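**Student:** Position one of the sequence shown corresponds to residue 35 (our numbering), numbered consecutively onward.
Below you'll find the structure I mean.
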Amino acid sequence: MTASRDRVRAAVDAAFRDEWGQVVATLIGLTGDWDLAEDCAQDAIAAALATWPRDGVPRRPGAWLTTAARNRATDRLRRDAAGAAKLRQLAVLARDPEEPPSSGEIPDERLRLIFTCCHPALPFPARVALTLRTLAGLSTAEIARAFLTAEPAMAQRLVRAKRKIAEAGIPYRVPPAGLLPRRLAAVLAVLYLIFNRGYDEEGTGRTLTAEAIRLARLLVRLMPEEPEPRGLLALMLLHEARRATRVDDGVLVTLENQDRSRWDRGLIAEGVATLDQALATRRVGPYQVQAAIAACHATAPDAAGTDWPQIAILYGELARLAPSPVVDLNRAVAVAMADGIPAGLALVDELAASGRLDGYHLLPATRADLLRRDGRAAEARTAYEEALRLAPTEAERRYLTGRLEEL
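Okay, structure coming up:
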(Lines of atoms letter the chains of each structure in order from A; the text may use other names.)
(Lines give C-alpha, C1' and ligand atoms only; values in the text may rest on other atoms or scores of the structure.)
Protein backbone atom coordinates (compact mmCIF):
# COMPACT_ATOMS: atom_id res chain seq x y z
CA MET A 35 0.00 0.00 0.00
CA THR A 36 1.40 3.41 -0.94
CA ALA A 37 0.27 6.98 -0.42
CA SER A 38 0.99 10.14 -2.37
CA ARG A 39 3.65 12.49 -1.07
CA ASP A 40 1.14 15.31 -0.76
CA ARG A 41 -1.26 13.17 1.28
CA VAL A 42 1.57 12.00 3.52
CA ARG A 43 2.83 15.55 4.00
CA ALA A 44 -0.67 16.70 4.95
CA ALA A 45 -1.10 13.76 7.34
CA VAL A 46 2.27 14.39 9.00
CA ASP A 47 1.53 18.11 9.35
CA ALA A 48 -1.85 17.31 10.93
CA ALA A 49 -0.28 14.74 13.28
CA PHE A 50 2.40 17.22 14.32
CA ARG A 51 -0.22 19.88 15.03
CA ASP A 52 -2.59 17.57 16.90
CA GLU A 53 -0.28 15.02 18.54
CA TRP A 54 3.07 16.74 19.20
CA GLY A 55 2.26 17.67 22.79
CA GLN A 56 1.01 14.18 23.64
CA VAL A 57 4.05 12.46 22.11
CA VAL A 58 6.58 14.73 23.83
CA ALA A 59 4.77 14.59 27.17
CA THR A 60 4.67 10.80 27.09
CA LEU A 61 8.41 10.65 26.45
CA ILE A 62 9.17 13.17 29.20
CA GLY A 63 7.24 10.99 31.58
CA LEU A 64 9.13 7.94 30.32
CA THR A 65 12.64 9.39 30.41
CA GLY A 66 12.54 12.54 32.54
CA ASP A 67 14.66 14.16 29.82
CA TRP A 68 13.03 17.09 28.00
CA ASP A 69 15.67 17.41 25.28
CA LEU A 70 15.69 13.67 24.58
CA ALA A 71 11.90 13.72 24.36
CA GLU A 72 11.88 16.49 21.76
CA ASP A 73 14.70 14.85 19.77
CA CYS A 74 12.92 11.49 19.63
CA ALA A 75 9.61 13.10 18.70
CA GLN A 76 11.38 14.82 15.81
CA ASP A 77 12.90 11.47 14.83
CA ALA A 78 9.41 9.95 14.77
CA ILE A 79 8.20 12.72 12.45
CA ALA A 80 11.16 12.06 10.14
CA ALA A 81 10.41 8.31 10.22
CA ALA A 82 6.79 9.00 9.27
CA LEU A 83 7.88 11.04 6.26
CA ALA A 84 10.14 8.18 5.20
CA THR A 85 7.81 5.19 5.75
CA TRP A 86 4.23 6.39 5.31
CA PRO A 87 4.58 6.91 1.54
CA ARG A 88 5.51 3.22 1.29
CA ASP A 89 3.27 1.69 3.97
CA GLY A 90 0.35 4.14 3.91
CA VAL A 91 -0.89 6.57 6.54
CA PRO A 92 -1.75 4.61 9.71
CA ARG A 93 -5.29 4.61 11.06
CA ARG A 94 -4.10 6.31 14.26
CA PRO A 95 -1.16 8.56 13.33
CA GLY A 96 -0.69 9.81 16.88
CA ALA A 97 -0.33 6.29 18.29
CA TRP A 98 2.14 5.42 15.51
CA LEU A 99 4.27 8.48 16.30
CA THR A 100 4.17 7.78 20.04
CA THR A 101 5.33 4.19 19.53
CA ALA A 102 8.09 5.21 17.12
CA ALA A 103 9.32 7.94 19.45
CA ARG A 104 9.17 5.63 22.49
CA ASN A 105 11.20 2.96 20.66
CA ARG A 106 13.75 5.56 19.60
CA ALA A 107 14.09 6.83 23.17
CA THR A 108 14.44 3.30 24.53
CA ASP A 109 17.21 2.52 22.03
CA ARG A 110 19.12 5.65 22.95
CA LEU A 111 18.78 5.02 26.68
CA ARG A 112 19.98 1.43 26.33
CA ARG A 113 23.18 2.71 24.76
CA ASP A 114 23.71 5.03 27.72
CA ALA A 115 24.76 3.72 31.13
CA ALA A 116 22.80 6.43 32.95
CA GLY A 117 19.80 5.62 30.81
CA ALA A 118 19.59 2.10 32.17
CA ALA A 119 18.41 3.46 35.51
CA LYS A 120 15.75 5.55 33.79
CA LEU A 121 14.47 2.49 31.95
CA ARG A 122 13.84 0.85 35.32
CA GLN A 123 11.61 3.77 36.33
CA LEU A 124 8.93 3.85 33.65
CA ALA A 125 6.03 4.68 35.97
CA VAL A 126 5.79 8.49 35.79
CA LEU A 127 3.29 8.50 32.93
CA ALA A 128 2.48 4.80 32.85
CA ARG A 129 -1.27 5.16 32.24
CA ASP A 130 -2.33 4.01 28.79
CA PRO A 131 -3.49 7.05 26.72
CA GLU A 132 -6.62 5.07 25.79
CA GLU A 133 -7.52 4.42 29.44
CA PRO A 134 -10.19 6.80 30.80
CA PRO A 135 -9.04 9.18 33.57
CA SER A 136 -9.71 8.16 37.13
CA SER A 137 -12.10 10.00 39.42
CA GLY A 138 -10.82 13.46 40.33
CA GLU A 139 -8.43 13.57 37.38
CA ILE A 140 -8.48 16.35 34.78
CA PRO A 141 -10.87 14.96 32.13
CA ASP A 142 -8.87 16.00 29.06
CA GLU A 143 -5.38 14.76 28.25
CA ARG A 144 -4.16 17.99 26.66
CA LEU A 145 -5.41 20.05 29.60
CA ARG A 146 -3.82 17.57 32.02
CA LEU A 147 -0.50 18.06 30.31
CA ILE A 148 -0.72 21.84 30.41
CA PHE A 149 -1.34 21.76 34.16
CA THR A 150 1.55 19.33 34.52
CA CYS A 151 4.03 21.60 32.73
CA CYS A 152 3.00 24.76 34.60
CA HIS A 153 4.91 23.87 37.77
CA PRO A 154 5.02 26.74 40.32
CA ALA A 155 8.69 26.08 41.13
CA LEU A 156 9.58 27.61 37.75
CA PRO A 157 9.42 31.37 37.13
CA PHE A 158 6.09 32.33 35.56
CA PRO A 159 7.46 33.25 32.08
CA ALA A 160 9.48 30.03 31.99
CA ARG A 161 6.40 27.96 32.85
CA VAL A 162 4.42 29.46 30.00
CA ALA A 163 7.29 29.32 27.51
CA LEU A 164 8.17 25.72 28.33
CA THR A 165 4.55 24.62 28.04
CA LEU A 166 4.18 26.31 24.65
CA ARG A 167 7.36 24.64 23.45
CA THR A 168 6.49 21.21 24.80
CA LEU A 169 2.77 20.94 24.13
CA ALA A 170 2.02 23.34 21.30
CA GLY A 171 5.23 22.70 19.38
CA LEU A 172 5.95 26.42 18.98
CA SER A 173 9.47 27.29 17.89
CA THR A 174 11.76 29.31 20.12
CA ALA A 175 11.41 32.23 17.69
CA GLU A 176 7.59 32.12 17.89
CA ILE A 177 7.64 32.04 21.69
CA ALA A 178 10.15 34.90 21.82
CA ARG A 179 7.90 36.99 19.57
CA ALA A 180 4.92 36.32 21.85
CA PHE A 181 6.93 37.52 24.86
CA LEU A 182 8.50 40.50 23.01
CA THR A 183 11.89 38.95 23.81
CA ALA A 184 14.98 38.29 21.71
CA GLU A 185 15.25 34.71 20.48
CA PRO A 186 18.65 33.99 22.16
CA ALA A 187 17.29 35.21 25.49
CA MET A 188 14.24 32.97 25.17
CA ALA A 189 16.44 30.01 24.24
CA GLN A 190 18.44 30.55 27.43
CA ARG A 191 15.24 30.82 29.45
CA LEU A 192 14.09 27.44 28.14
CA VAL A 193 17.48 25.86 28.85
CA ARG A 194 17.45 27.17 32.43
CA ALA A 195 13.91 25.89 32.99
CA LYS A 196 14.81 22.40 31.81
CA ARG A 197 17.99 22.44 33.92
CA LYS A 198 16.05 23.44 37.03
CA ILE A 199 13.56 20.61 36.45
CA ALA A 200 16.42 18.12 36.22
CA GLU A 201 18.47 19.46 39.14
CA ALA A 202 15.54 19.96 41.51
CA GLY A 203 13.92 16.65 40.61
CA ILE A 204 10.60 18.36 39.85
CA PRO A 205 8.10 15.53 39.23
CA TYR A 206 6.30 15.42 35.91
CA ARG A 207 2.78 14.73 37.12
CA VAL A 208 -0.59 16.41 37.57
CA PRO A 209 -0.99 18.04 41.01
CA PRO A 210 -3.87 17.24 43.38
CA ALA A 211 -7.09 19.18 42.77
CA GLY A 212 -6.44 21.47 45.73
CA LEU A 213 -3.21 22.73 44.15
CA LEU A 214 -4.63 23.44 40.69
CA PRO A 215 -5.39 27.14 41.46
CA ARG A 216 -1.66 27.78 42.02
CA ARG A 217 -1.07 26.85 38.38
CA LEU A 218 -4.15 28.53 36.95
CA ALA A 219 -2.54 31.82 35.88
CA ALA A 220 0.11 30.05 33.81
CA VAL A 221 -2.48 27.70 32.26
CA LEU A 222 -4.65 30.67 31.25
CA ALA A 223 -1.63 32.40 29.71
CA VAL A 224 -0.79 29.29 27.68
CA LEU A 225 -4.33 28.95 26.36
CA TYR A 226 -4.50 32.62 25.36
CA LEU A 227 -1.14 32.49 23.58
CA ILE A 228 -2.26 29.38 21.68
CA PHE A 229 -5.45 31.22 20.72
CA ASN A 230 -3.51 34.29 19.60
CA ARG A 231 -1.15 32.22 17.51
CA GLY A 232 -4.11 30.72 15.66
CA TYR A 233 -5.90 34.07 15.44
CA ASP A 234 -2.93 35.56 13.57
CA GLU A 235 -2.81 32.70 11.04
CA GLU A 236 -4.99 32.29 8.01
CA GLY A 237 -6.46 28.88 7.17
CA THR A 238 -4.93 26.39 9.64
CA GLY A 239 -5.10 28.96 12.42
CA ARG A 240 -8.76 28.10 12.99
CA THR A 241 -7.70 24.71 14.32
CA LEU A 242 -5.65 26.37 17.06
CA THR A 243 -8.32 28.89 18.05
CA ALA A 244 -10.95 26.14 18.15
CA GLU A 245 -8.68 24.01 20.36
CA ALA A 246 -7.98 26.92 22.71
CA ILE A 247 -11.71 27.65 23.04
CA ARG A 248 -12.45 23.95 23.63
CA LEU A 249 -9.86 23.78 26.40
CA ALA A 250 -11.14 27.01 27.94
CA ARG A 251 -14.67 25.53 28.07
CA LEU A 252 -13.26 22.43 29.81
CA LEU A 253 -11.37 24.63 32.25
CA VAL A 254 -14.58 26.51 33.14
CA ARG A 255 -16.27 23.18 33.91
CA LEU A 256 -13.25 21.93 35.85
CA MET A 257 -12.98 25.07 38.03
CA PRO A 258 -16.49 26.57 38.08
CA GLU A 259 -15.81 28.75 41.14
CA GLU A 260 -12.90 30.54 39.46
CA PRO A 261 -13.98 33.63 37.46
CA GLU A 262 -10.87 34.11 35.28
CA PRO A 263 -11.39 30.99 33.11
CA ARG A 264 -14.83 32.42 32.22
CA GLY A 265 -13.19 35.76 31.53
CA LEU A 266 -10.71 34.14 29.15
CA LEU A 267 -13.42 32.12 27.44
CA ALA A 268 -15.50 35.27 26.96
CA LEU A 269 -12.50 37.10 25.54
CA MET A 270 -11.79 34.32 23.04
CA LEU A 271 -15.42 34.11 21.93
CA LEU A 272 -15.68 37.87 21.41
CA HIS A 273 -12.49 37.93 19.34
CA GLU A 274 -13.47 34.85 17.33
CA ALA A 275 -16.84 36.46 16.55
CA ARG A 276 -15.16 38.97 14.23
CA ARG A 277 -12.43 36.74 12.85
CA ALA A 278 -13.98 36.53 9.37
CA THR A 279 -13.67 40.30 8.91
CA ARG A 280 -10.06 40.79 10.08
CA VAL A 281 -8.44 40.17 6.70
CA ASP A 282 -9.75 41.02 3.23
CA ASP A 283 -7.91 39.63 0.22
CA GLY A 284 -4.75 39.22 2.27
CA VAL A 285 -4.84 42.72 3.78
CA LEU A 286 -5.41 43.41 7.48
CA VAL A 287 -8.68 45.27 8.18
CA THR A 288 -8.69 47.50 11.26
CA LEU A 289 -11.52 47.21 13.76
CA GLU A 290 -13.20 50.47 12.76
CA ASN A 291 -13.35 49.37 9.10
CA GLN A 292 -14.60 45.83 9.61
CA ASP A 293 -18.01 44.82 8.24
CA ARG A 294 -19.99 44.42 11.46
CA SER A 295 -22.88 42.74 9.66
CA ARG A 296 -20.61 39.72 9.23
CA TRP A 297 -19.73 39.41 12.92
CA ASP A 298 -21.02 36.23 14.56
CA ARG A 299 -23.82 37.50 16.81
CA GLY A 300 -24.22 34.08 18.44
CA LEU A 301 -20.62 34.08 19.65
CA ILE A 302 -20.98 37.69 20.80
CA ALA A 303 -24.08 36.84 22.84
CA GLU A 304 -22.36 33.83 24.40
CA GLY A 305 -19.25 35.88 25.13
CA VAL A 306 -21.21 38.65 26.85
CA ALA A 307 -23.24 36.13 28.89
CA THR A 308 -20.06 34.30 29.93
CA LEU A 309 -18.47 37.59 30.96
CA ASP A 310 -21.54 38.52 33.02
CA GLN A 311 -21.25 35.20 34.88
CA ALA A 312 -17.59 35.91 35.66
CA LEU A 313 -18.23 39.48 36.80
CA ALA A 314 -21.04 38.31 39.10
CA THR A 315 -18.41 36.78 41.40
CA ARG A 316 -17.05 40.30 42.08
CA ARG A 317 -13.48 38.99 41.79
CA VAL A 318 -12.26 40.90 38.76
CA GLY A 319 -9.10 39.78 36.97
CA PRO A 320 -7.24 40.85 33.85
CA TYR A 321 -9.00 38.47 31.46
CA GLN A 322 -12.40 39.73 32.58
CA VAL A 323 -11.27 43.32 31.97
CA GLN A 324 -9.96 42.43 28.51
CA ALA A 325 -13.23 40.68 27.75
CA ALA A 326 -15.13 43.80 28.89
CA ILE A 327 -13.09 45.88 26.44
CA ALA A 328 -13.82 43.40 23.65
CA ALA A 329 -17.52 43.51 24.58
CA CYS A 330 -17.53 47.32 24.27
CA HIS A 331 -16.35 46.95 20.69
CA ALA A 332 -18.56 43.97 19.86
CA THR A 333 -21.79 45.53 21.10
CA ALA A 334 -21.28 49.04 19.68
CA PRO A 335 -23.77 49.77 16.86
CA ASP A 336 -20.94 51.09 14.67
CA ALA A 337 -17.42 52.48 14.95
CA ALA A 338 -18.71 55.96 15.76
CA GLY A 339 -20.82 54.57 18.59
CA THR A 340 -17.89 52.97 20.43
CA ASP A 341 -17.73 53.99 24.09
CA TRP A 342 -14.10 55.13 24.09
CA PRO A 343 -14.21 56.84 27.52
CA GLN A 344 -15.33 53.54 29.06
CA ILE A 345 -12.63 51.64 27.16
CA ALA A 346 -9.98 54.09 28.39
CA ILE A 347 -11.13 53.51 31.99
CA LEU A 348 -11.00 49.73 31.47
CA TYR A 349 -7.46 49.93 30.10
CA GLY A 350 -6.47 51.93 33.16
CA GLU A 351 -7.84 49.13 35.34
CA LEU A 352 -6.05 46.53 33.22
CA ALA A 353 -2.78 48.44 33.65
CA ARG A 354 -3.30 48.22 37.41
CA LEU A 355 -4.06 44.49 37.39
CA ALA A 356 -1.53 43.39 34.77
CA PRO A 357 0.89 46.21 34.01
CA SER A 358 2.67 45.95 30.65
CA PRO A 359 3.84 48.36 27.96
CA VAL A 360 1.42 46.79 25.45
CA VAL A 361 -1.49 47.63 27.75
CA ASP A 362 -0.14 51.18 28.03
CA LEU A 363 -0.04 51.43 24.23
CA ASN A 364 -3.64 50.30 23.89
CA ARG A 365 -4.69 52.72 26.62
CA ALA A 366 -3.01 55.54 24.68
CA VAL A 367 -5.19 54.75 21.66
CA ALA A 368 -8.33 54.76 23.80
CA VAL A 369 -7.31 58.10 25.36
CA ALA A 370 -6.70 59.54 21.88
CA MET A 371 -10.18 58.52 20.76
CA ALA A 372 -11.82 59.69 24.00
CA ASP A 373 -9.90 62.90 24.82
CA GLY A 374 -8.34 63.92 21.52
CA ILE A 375 -5.39 62.88 19.38
CA PRO A 376 -2.79 65.13 21.14
CA ALA A 377 -3.52 63.47 24.49
CA GLY A 378 -3.02 60.01 23.04
CA LEU A 379 0.09 60.99 21.09
CA ALA A 380 1.69 62.34 24.24
CA LEU A 381 1.27 58.95 25.90
CA VAL A 382 2.63 57.12 22.85
CA ASP A 383 5.68 59.39 22.68
CA GLU A 384 6.30 58.88 26.39
CA LEU A 385 6.13 55.12 25.87
CA ALA A 386 8.52 55.32 22.91
CA ALA A 387 11.00 57.35 24.97
CA SER A 388 10.97 54.68 27.69
CA GLY A 389 12.35 52.07 25.27
CA ARG A 390 10.07 49.38 26.67
CA LEU A 391 8.61 48.56 23.25
CA ASP A 392 11.70 48.89 21.07
CA GLY A 393 11.32 46.62 18.04
CA TYR A 394 7.56 46.15 18.54
CA HIS A 395 5.89 47.02 15.23
CA LEU A 396 2.61 48.22 16.73
CA LEU A 397 4.34 51.11 18.52
CA PRO A 398 5.34 52.98 15.31
CA ALA A 399 2.14 51.74 13.61
CA THR A 400 0.01 53.29 16.35
CA ARG A 401 2.01 56.49 16.33
CA ALA A 402 1.70 56.67 12.54
CA ASP A 403 -2.07 56.28 12.68
CA LEU A 404 -2.47 59.01 15.28
CA LEU A 405 -0.17 61.35 13.33
CA ARG A 406 -2.20 60.68 10.19
CA ARG A 407 -5.43 61.50 12.00
CA ASP A 408 -3.78 64.69 13.28
CA GLY A 409 -2.89 65.79 9.73
CA ARG A 410 0.88 65.36 10.16
CA ALA A 411 1.46 63.38 6.96
CA ALA A 412 5.27 63.60 6.72
CA GLU A 413 5.78 62.35 10.29
CA ALA A 414 3.14 59.68 9.77
CA ARG A 415 4.93 58.43 6.65
CA THR A 416 8.19 58.01 8.56
CA ALA A 417 6.44 56.09 11.33
CA TYR A 418 4.59 53.84 8.86
CA GLU A 419 7.90 53.01 7.16
CA GLU A 420 9.39 51.98 10.51
CA ALA A 421 6.34 49.83 11.30
CA LEU A 422 6.57 48.21 7.86
CA ARG A 423 10.17 47.16 8.52
CA LEU A 424 9.13 45.49 11.78
CA ALA A 425 5.74 43.95 10.79
CA PRO A 426 5.76 40.14 11.31
CA THR A 427 2.89 39.10 8.99
CA GLU A 428 2.14 39.62 5.32
CA ALA A 429 -1.39 40.88 6.07
CA GLU A 430 0.02 43.63 8.29
CA ARG A 431 2.70 44.54 5.75
CA ARG A 432 0.05 44.92 3.06
CA TYR A 433 -2.06 47.10 5.33
CA LEU A 434 0.87 49.38 6.17
CA THR A 435 1.88 49.58 2.52
CA GLY A 436 -1.64 50.69 1.69
CA ARG A 437 -1.49 53.40 4.31
CA LEU A 438 1.79 54.65 2.89
CA GLU A 439 0.31 54.76 -0.60
CA GLU A 440 -2.63 56.77 0.69
CA LEU A 441 -0.27 59.34 2.16
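The beta carbon of each residue, even a glycine, is placed where N, CA and C say it ideally should be.
Keep in mind the model is a prediction, meaning the values are calculated, not measured.
Quick one: residues in its chain with C-beta nearer than 7 Å to the C-beta of Val454, no 5 flanking neighbours on either side, listed in chain order?
**Tutor:** With the chain running from 35 to 441 in the structure shown, residue 454 is simply not present.
**Student:** Given Ala175, which residues of its chain have a CB within under 7 Å of its CB, disregarding the five upstream and five downstream residues?
**Tutor:** Glu185
**Student:** What residue range does the alpha helix (DSSP H) around Leu156 cover?
**Tutor:** Neither: Leu156 is in no alpha helix (DSSP H) and is coded neither H nor E.
**Student:** Over the uninterrupted alpha helix (DSSP H) stretch that includes Gly203, give me the two end residues.
**Tutor:** Gly203 -> no alpha helix (DSSP H), and no H or E assigned at all.
**Student:** Tell me where the alpha helix (DSSP H) around Asn291 begins and ends.
**Tutor:** Per DSSP, Asn291 lies in no alpha helix (DSSP H) and is assigned neither H nor E.
**Student:** Is it true that the region 193–207 meets the region 96–105, where meeting means three or more beta-carbon pairs spaced less than 8 Å apart?
**Tutor:** Here the region 193–207 does not lie against the region 96–105, with fewer than 3 beta-carbon pairs under 8 Å apart.
**Student:** Roughly how many angstroms lie between the CA atoms of Ala325 and Ala368, to the nearest whole one?
**Tutor:** 15 Å
**Student:** Between the region 220–234 and the region 151–163, do at least 3 Cβ pairs fall closer than 8 Å?
**Tutor:** yes
**Student:** In angstroms with no decimal places, state the Cα-to-Cα distance between Asp341 and Glu259.
**Tutor:** 31 Å
**Student:** Going straight from the alpha carbon of Ala82 to that of Val46, what length do you get?
**Tutor:** 7 Å
**Student:** Identify the residues that DSSP records as bridge partners of Gly285: which are they?
**Tutor:** A quick correction: the sequence has Val, not Gly, at residue 285. Asp282, per the DSSP bridge assignment.
**Student:** Which class does Val193 belong to by DSSP, given the choice of helix, strand or coil?
**Tutor:** Assigned with DSSP and collapsed to three states, Val193 falls in helix.
**Student:** Please return the same chain residues whose Cβ sits closer than 8 Å to the Cβ of Trp86, not counting the five positions on each side in sequence.
**Tutor:** Ala37, Val42, Ala45, Val46 and Pro92
**Student:** Starting from the C-beta of Val162, find all residues in its chain whose C-beta is less than 6 Å away, skip the five residues before and the five after it, and write them out in chain order.
**Tutor:** Ala220, Ala223 and Val224
**Student:** Should Pro320 be labelled buried (16 or more other beta-carbon atoms within 10 Å of its own) or exposed?
**Tutor:** buried
**Student:** Evaluate contact between the region 308–316 and the region 343–355, counting only Cβ atoms and requiring at least three cross-stretch pairs below 8 Å.
**Tutor:** Using a C-beta cut-off of 8 Å, the region 308–316 makes no contact with the region 343–355, since fewer than three inter-stretch Cβ pairs fall below that distance.
**Student:** Does DSSP put Asp89 in a helix, a strand or coil?
**Tutor:** Asp89: helix per DSSP, three-state reduction.
**Student:** Would you mind reading off the limits of the alpha helix (DSSP H) that contains Leu348?
**Tutor:** Annotation: the continuous alpha helix (DSSP H) that includes Leu348 extends over Trp342 to Leu355.
**Student:** So what does DSSP say about Ser443, is it helix, strand or coil?
**Tutor:** One cannot answer for residue 443 here, as it falls past the ends of the chain, which runs 35 to 441.
**Student:** If you reduce the DSSP assignment to three classes, tell me which class Leu253 lands in.
**Tutor:** helix
**Student:** Within the same chain, show all residues whose beta-carbon is closer than 7 Å to that of His331, passing over the 5 residues directly before and after it, in chain order.
**Tutor:** Result list for His331: Leu289 and Thr340, in chain order.
**Student:** Report buried or exposed for Arg406, applying the criterion of at least 16 other Cβ atoms within 10 angstroms of its Cβ.
**Tutor:** buried
**Student:** Is it right to say Phe229 is buried, meaning 16 or more other beta carbons lie within 10 angstroms of its own, or is it exposed?
**Tutor:** buried
**Student:** Taking 8 Å as the cut-off, does the region 272–291 touch the region 346–362 (at least 3 CB pairs, one atom from each stretch)?
**Tutor:** no
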